[in-house]
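Residue numbers (the numbering used here): 50 to 418. To start, the structure under review is shown below, and the notes come after it.
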Amino acid sequence: MADAKEMLLAQLSDPGAKAKIAAQLGGYIRDRLREASYTERVLPPQTVDRSQCQVSVNHDALVKIEYLEPKSRAMVVTFRGEPRTQFIRGEKVEVPFITIMSDMFQKPEQEFLAYAFPIGKVIEQNAVRDIGEVQDREFTLHIESACQALQTEANGGAVTSLNATGIAAGSVVEHSVVKGELARVASDDDATVRPIQRPDIVALMKLLDRNRLESDLILLTTPDWDDILQWTVEDQGDKIQSETVVNGWKYNLLLGKRYVRTIKTDILRPGNVYAFTSPDFLGRFYILNNIKFYIDKVINLIKFVAWKDVGMSIINIAAVRKLELYSGDATSNDADAILTSVTPVGEEDMGAENNRAAQRQFFPTVVSF
């Protein structure tokens, strides 16, 4: 292991070798990021280059112009009648690009050699996962904004608290966000996540299906998915019930829909389930510069950083709907003071450690012999 690290350090002194190493590392981490990000499973990315982009009139950055489907209609006329005249307009929107970058990691050469495992490689892999998590966080904020915008519109243009109390009083319309069966009859308005029920998924799909759209994919957390394994024989039938007891849920579809589940519960918080149409109706996800890796050695200090340039936009906000499995209010009103518990954590708070080794909490702890 030490020989491999010494070889890497020697290569970092050669400018040509540095570029080659960076390219090799970039090739490796692209594969890991593609697997890690749930955004890319909901909105498959498309690679673009400079020639396909334009400079925005609002700022000094590149954007991708996306055209919307033109409006059209037909009508019945008499033999002597004429159709209405409509001027064709090509509606379009800008898809802006952002850069997601890891920390600039650095370590002295002497300390780099002190580790019995390739610490640089581990950090490279983790940096890629970090980029994927920030990408997923941005996407989650976008889809939540889309759902809340339609919900506000349906309630007369005012942000209206959506909780069990409001539903019972009939003071709020569930247009783009719907509460789960157990959440809507809860006695308290809180952030407690109730188990997902089969009718909950049907109600979520109907939010799209009743508006001349078709639900295609469901996004949920693994803890919420685990509750599906508690469905009874009345929900699943004898055959599936017996299979799930032994093997868990092994099907690629859930109630006829594709699904994506994630363990990133600090980003997509438990109790939030989203349904999407197919990507053609939803929006766009572009990659301007796929993930790149820079590595350098300045005197005895080794530095490396990874970054990626992406553009994502929920263009048709009606193409995503939300199911909430908690009874409290998750609008910007935050009537029940639960918003921080049901929305993504801040970037600085992402990736919290599970181990407590830094606090000397590991067992057995040897103090003396």
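Virtual Cβ for every residue (Gly too), placed ideally from N, Cα, C.
Check                                                                                                       : Outcome
Host alpha helix (DSSP H) of A367 (start-end)                                                               : Taken as a continuous stretch (DSSP letters only), A367 belongs to no alpha helix (DSSP H), as it is neither H nor E.
Rounded separation between A9 and V183 - CA only                                                            : Since the first and last residues shown for the chain are 50 and 418, residue 9 lies out of range.
Three CB pairs or more closer than 8 Å across the stretch 346-354 and the stretch 106-125                   : no
Three-state secondary structure (DSSP) of I216                                                              : helix
Segment contact flag, the stretch 365-382 with the stretch 255-270, C-beta cutoff 8 Å, min 3 pairs          : yes
Outcome for I245 when other beta-carbon atoms lying within 10 angstroms are tallied against a minimum of 16 : buried
Whether H191 touches M399 by CB criterion (8 Å)                                                             : no
Straight-line gap, N321 to Q135 (C-alpha atoms, nearest Å)                                                  : 42 Å
M153 (DSSP reduced to helix, strand or coil)                                                                : coil
Beta-carbon separation (whole angstroms), T189 vs I316, contact threshold 8 Å                               : 6 Å
Pair within 8 Å by beta-carbon distance, A252 and R243                                                      : no
Bridge partner(s) assigned by DSSP for M361                                                                 : F334
Span separating the alpha-carbon of G76 from that of V171                                                   : Residue placement at G76 is poorly supported in this model, since its pLDDT is 42, which falls under 50; the coordinates are not used for a value here.
Counterpart residues of V322 in DSSP-defined beta bridges                                                   : L372
Cβ-Cβ separation, I180 to I340 (assumed contact under 8 Å), whole Å                                         : 7 Å
Where N212 falls, given that 16 or more other Cβ within 10 Å makes a residue buried                         : buried
Terminal residues of the alpha helix (DSSP H) in which P248 lies                                            : 247-258
Local conformation of Y77 per DSSP, three classes                                                           : Any reading at Y77 must be qualified, since the residue scores a pLDDT of 35, below 50, and its modelled position is unreliable; the value itself is stated next. It is helical.
Proximity of A240 and V391 at Cβ, strictly below 8 Å                                                        : yes
Backbone secondary structure at E84 - three-state DSSP                                                      : Caution applies to E84, whose pLDDT of 48 falls short of 50 and renders its modelled position unreliable; the value that the coordinates give is listed next. Correct three-state label for E84: helix.
Among Y308, N338, I312, nearest to T326 - alpha-carbon criterion                                            : Y308
Chain B within 8 Å of D276, Cβ atoms only                                                                   : Given the protein chain composition of this structure (a single chain), no chain B is represented.
Paired residues, beta bridge with R122 - DSSP                                                               : Partner(s): none; R122 has no beta bridge.
Three-way DSSP call (helix, strand, coil) for L162 in this model                                            : coil
I366 versus F330 - alpha carbon distance                                                                    : 9 Å
As assigned by DSSP and simplified to three states, the class of V208                                       : coil
Best match in T88, K156, Q101 for proximity to V348 [C-alpha to C-alpha]                                    : It should be pointed out that residue 348 corresponds to Ile in this sequence rather than to Val. Selected option, being the one with the closest Cα: K156.
Burial state of L266, where buried means 16 or more other Cβ atoms lie within 10 Å                          : buried
Rounded separation between E397 and R186 - CA only                                                          : 12 Å
Residue closest to D237, alpha-carbon to alpha-carbon, out of T88, F412, G377, P94                          : G377
In DSSP terms, what A203 is bridged to                                                                      : Answer is none; A203 lacks a bridge partner.
Element boundaries [alpha helix (DSSP H), containing P272]                                                  : 271-277
Assumed close pair G215, V208 - CB separation to whole angstroms, cut-off 8 Å                               : G215 to V208, Cβ: 12 Å. No contact.
Proximity below 8 Å, CB of I364 to CB of R333                                                               : yes
Through-space distance from R138 to R178, alpha-carbon basis                                                : 42 Å
Closest residue to Q197 among S381, N403, R405, D385 (Cα-Cα distance)                                       : S381
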